[in-house]
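Trainee:
In the working numbering, the protein residues as written are 12 to 184.
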């Protein structure tokens with residue numbers, strides 16, 4: 012499975028969200044968008060989800076953020092589990108189910124969380140972790156926010172690739 016490289020176009024998606032709507036890449040036409048592969052159970056996701064929610068809130072109207080769960084068949088990651096998690100945490104971003112895992116394969120995603128940030132032309136501008144330290148919000152280098160600020164200013168992010176840190180996506184056999 013090939014992973015996207017910088018400058019690659021965003022593969023399209025059309026996925027059900029926990030709010031009952033269907034979301035697609037076209038919903039973010041002309042806007043930068045962060046596609047974050049996520050889940051409900053991974054301790055790294057849990058550590059970063061408030062920061063991701065904060066970024067979605069802070070950049071609302073200027074950039075999009077969606078979370079995609081490709082572990083849909085895994086214990087604790089059902090659509091109902093996703094709905095409960097989104098409600099409990101007050102997610103302001105769409106939480107999407109990729110039950111077929113086709114979107115994860117198209118992006119070459121391997122971890123949760125794993126961020127793919129696309130510029131307004133939906134070309135990959137940043138790939139990696141949300142920030143430099145899942146365990147230390149105060150001391151972490153805010154990689155995703157830095158990349159968003161750069162993309163919104165029409166510039167390349169100062170750090171365009173970082174190692175994704177997290178749990179592996181649970182692939183169906």
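Yeah, the Cβ is synthetic: ideal placement off N, Cα and C, and Gly gets one too. Bear in mind the structure is a predicted one, so any value in this text is a computation, not a measurement.
Alpha carbon to alpha carbon, how far is residue 142 from residue 155? Give it in angstroms, no decimals.
Mentor: Here residue 155 refers to the residue found at position 144 when the chain shown is read from its first residue. Here residue 142 refers to the residue found at position 131 when the chain shown is read from its first residue. In a straight line, the C-alpha of residue 155 is about 6 Å away from that of residue 142.
Trainee: Please say whether residue 128 and residue 167 have beta carbons closer to each other than 8 Å?
Mentor: For this step, residue 167 is matched to residue 156 along the chain shown. For this step, residue 128 is matched to residue 117 along the chain shown. Cβ atoms of residue 167 and residue 128: not closer than 8 Å.
Trainee: Looking only at C-alpha atoms, which of 18, 47, 94 and 29 sits nearest to residue 114?
Mentor: As a working mapping, residue 114 is identified with position 103 in the chain shown. Residue 114 has its Cα closest to that of 47, out of 18, 47, 94 and 29.
Trainee: Output needed for residue 151: all residues of its chain with C-beta closer than 7 Å, excluding positions within five of it in sequence on either side, in chain order.
Mentor: The sequence position of residue 151 within the chain shown is 140, counting from 1. The answer, listed in chain order, is 142, 143 and 144.
Trainee: Does the Cβ of residue 60 have 16 or more other Cβ atoms within 10 Å, making it buried, or fewer, making it exposed?
Mentor: Sequence index remark: in the chain shown, residue 60 carries index 49 (1-based). Label assigned to residue 60: buried.
Trainee: Is residue 25 helix, strand or coil when you go by DSSP?
Mentor: Indexing the chain shown from 1 puts residue 25 at position 14. Residue 25 falls in the strand class under three-state DSSP.
Trainee: Would residue 103 pass as a contact of residue 34 if the rule is Cβ separation under 8 Å?
Mentor: Your numbering for residue 103 matches position 92 in the chain shown. Your numbering for residue 34 matches position 23 in the chain shown. Going by C-beta atoms, residue 103 is not nearer than 8 Å to residue 34.
Trainee: Please list the terminal residues of the continuous alpha helix (DSSP H) segment that includes residue 173.
Mentor: In the chain shown, the residue the question calls residue 173 occupies position 162. Segment: none, residue 173 is in no alpha helix (DSSP H) and carries neither H nor E.
Trainee: Count the other CB atoms, across all protein chains shown, that sit within 10 Å of the CB of residue 111; report buried if there are 16 or more and exposed otherwise.
Mentor: Counted from its first residue, the chain shown places residue 111 at position 100. Exposed, because fewer than 16 other Cβ atoms sit within 10 Å of the Cβ of residue 111.
Trainee: Between the beta-carbon of residue 82 and the beta-carbon of residue 181, is there less than 8 Å?
Mentor: Counted from its first residue, the chain shown places residue 82 at position 71. Counted from its first residue, the chain shown places residue 181 at position 170. It is a contact, given that the beta carbons lie within the stated cut-off.
Trainee: May I have a chain-ordered list of the alpha helix (DSSP H) segments no shorter than 4 residues that lie completely inside the stretch 99-174?
Mentor: 113-118 and 154-163, all fully within the stretch 99-174.
Trainee: Near residue 100, what residues of its chain come up, given a Cβ to Cβ distance below 8 Å and the 5 sequence neighbours on each side ignored?
Mentor: Residue mapping note: residue 100 aligns to position 89 of the chain shown, counting from 1. Within the same chain, residue 100 has close Cβ partners 60, 61 and 64.
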